[in-house]
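The working numbering puts the first residue of the sequence shown at 2, with every later residue one more than the last. Report on the structure given below.
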Amino acid sequence: MLGRCSNSWSIIIKLPRRTFLHLATGAAALPAASRIALALDYPTRPVRLLVGFFAGGLSDILARLIAQPLSERLGQQVIVDDRPGAGSNIATELVTKAPPDGYTLLLVPVSATINATLYDNLNFNFSRDIAPVASISRTPGVMVVNLSLPVRTVPEFIAYAKANPGKINFASAGTGSLPHVAGELFKLMTGLNLVQVQYRSNYFPDLIAGQVHVSFATMPSAIEFVRAGKLRALAVTGAARSEVLPDVPTVGEFIPGYEADAWNGIGAPANTPSDIIEKLNKEINAALAEPAIQVRLAELGSKPLSMTPSEFGKFIAVEIEKWAKVIKAAGIKAE
2 MLGRCSNSWS IIIKLPRRTF LHLATGAAAL PAASRIALAL DYPTRPVRLL
52 VGFFAGGLSD ILARLIAQPL SERLGQQVIV DDRPGAGSNI ATELVTKAPP
102 DGYTLLLVPV SATINATLYD NLNFNFSRDI APVASISRTP GVMVVNLSLP
152 VRTVPEFIAY AKANPGKINF ASAGTGSLPH VAGELFKLMT GLNLVQVQYR
202 SNYFPDLIAG QVHVSFATMP SAIEFVRAGK LRALAVTGAA RSEVLPDVPT
252 VGEFIPGYEA DAWNGIGAPA NTPSDIIEKL NKEINAALAE PAIQVRLAEL
302 GSKPLSMTPS EFGKFIAVEI EKWAKVIKAA GIKAE
């Protein structure tokens, strides 16, 4: 037996170098081949889309909006799975730990890029552990004030706040929320002394009653109060005017460079095969081009935001850098 084994090894050793390298290369390529096969067959079962917020919020609404046409295009159900908590960090961590096979996706909100700096004890690195797949939409916020505040424009608000330092309160949805950092960005760019008042629940009753004076609110949450005449819209926070409030200027028209949009996209665990990511990107962008989807987005005050995975990745990097500067300059600490 020993002789036979030695002879077998000698046969392998005596193989021509080119043949041996060919066999070795073929063996190494097996994992890649299996990944390609996985991508070609994908998906063969339902896909989960995790959302880091409660049902009924903008991110949850957008996830369900895109899930339906995406299910039809993929031929498998896309199941929206709400996992609220820690400013969307719980859902993000679950996705970073999921197999990178395209069957667990993340609804990526703007808060993910805020959290990257706000929290210093996360069990993941967002930029490293989440692969960008596709962007979905961009939604401007709206700067709204209580009707009793004697201002009708952003310049008037700035003048009034400067004349009343420390007496103007702005409502936010908690530390690190978009209404919070949007307000802090406004403070930094104007030099105003505004006092943040945090809410863990709906702050609009207090804003309407005048217990707080201003908010840099998300458009879907504030638009009906503006339309009903219960709040006054001074400006929208996006780079361009909103179609749902066409007569309302942007903050940037008075404070050049100011922009604070809510946006959402789709991410996947790092190392998800590029073929799967490209397929998802193609189908998501196709869904966003559907007239019915565009109408629904417009009703929310949103616009489709179609990008390649690479473009979305660069967009995320810019947003992380932007909000990192605000968080550090304002000295914001996670609670």
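All C-beta atoms, glycine included, are put in the ideal place defined by N, C-alpha and C.
Fewer than three beta-carbon pairs drawn from the stretch 223-239 and the stretch 121-136 are found closer than 8 Å, and the two stretches are therefore not classed as touching. For the pair asparagine 116 and proline 85, the Cα-to-Cα distance works out to about 14 Å. Around the beta-carbon of lysine 304, 16 or more other beta-carbon atoms lie within 10 Å, marking it buried. No Cβ-Cβ contact shorter than 8 Å links leucine 51 with leucine 119. Here the alpha carbons of alanine 92 and glycine 175 stand approximately 18 Å from one another.
For methionine 308, the three-state secondary structure derived from DSSP is coil. For alanine 335 and glycine 177, the gap between their C-alpha atoms comes out near 7 Å. In the structure shown, alanine 135 falls within a strand segment according to DSSP collapsed to helix, strand and coil. Taking 8 Å as the cut-off, the beta carbon of glycine 266 is found closer than this to the beta carbon of proline 133. Contact check for valine 249 against alanine 234 passes: the beta carbons are separated by less than 8 Å. A contact between stretches requires three or more CB pairs, one per stretch, nearer than 8 Å, and the stretch 157-166 fails this requirement with the stretch 308-326. Contact between the stretch 138-156 and the stretch 292-302 is present: 3 or more CB-CB pairs across the two stretches fall below 8 Å. Between alanine 64 and leucine 281 a beta carbon distance of about 14 Å is seen, past the 8 Å cut, so the two are scored as non-contacting. In this structure, the beta-carbon distance from leucine 179 to alanine 261 falls below 8 Å.
About 15 Å separates the CB atoms of isoleucine 278 and alanine 287; that is not less than 8 Å, and the two are not in contact. Going by C-alpha positions, asparagine 272 is about 31 Å away from valine 327. Excluding its 5 nearest sequence neighbours in each direction, threonine 97 has C-beta neighbours in its own chain below 7 Å: Phe125, Asp130, Ile131, Pro270, listed in chain order. In the DSSP assignment, tryptophan 264 is bridged to Arg139. As summarised for the stretch 94-172, the continuous alpha helix (DSSP H) elements at least 4 residues long and confined to that stretch are 111-119, 127-130, 155-164, given in chain order. In the DSSP secondary-structure assignment, leucine 195 is bridged to Ile169.
Where aspartate 248 is concerned, there is no enclosing alpha helix (DSSP H), because DSSP gives it neither an H nor an E. Valine 213 and leucine 193 have their alpha carbons spaced roughly 16 Å apart.
Distance between tyrosine 200 and alanine 172, taken at the CA atoms: about 7 Å. Alanine 68 and glycine 57 have their C-alpha atoms some 15 Å from each other. In this structure threonine 219 touches leucine 59 by the C-beta definition: roughly 6 Å separates them, less than 8 Å.
DSSP, reduced to helix, strand and coil, places alanine 236 within a strand of the structure shown.
Boundaries of the beta strand (DSSP E) around valine 215: 215-219. Across the structure, glycine 332 and isoleucine 62 are spaced so that their CA atoms are roughly 32 Å apart. In this structure, DSSP gives proline 270 an extended state, which the three-state scheme calls strand. In the structure shown, the three-state DSSP call for isoleucine 80 is strand. With 16 or more other Cβ atoms inside 10 Å of its own Cβ, valine 155 counts as buried. The Cβ atoms of glycine 184 and glutamine 197 lie closer than 8 Å to each other. For leucine 63, the enclosing alpha helix (DSSP H) has its first and last residue at 59-75.
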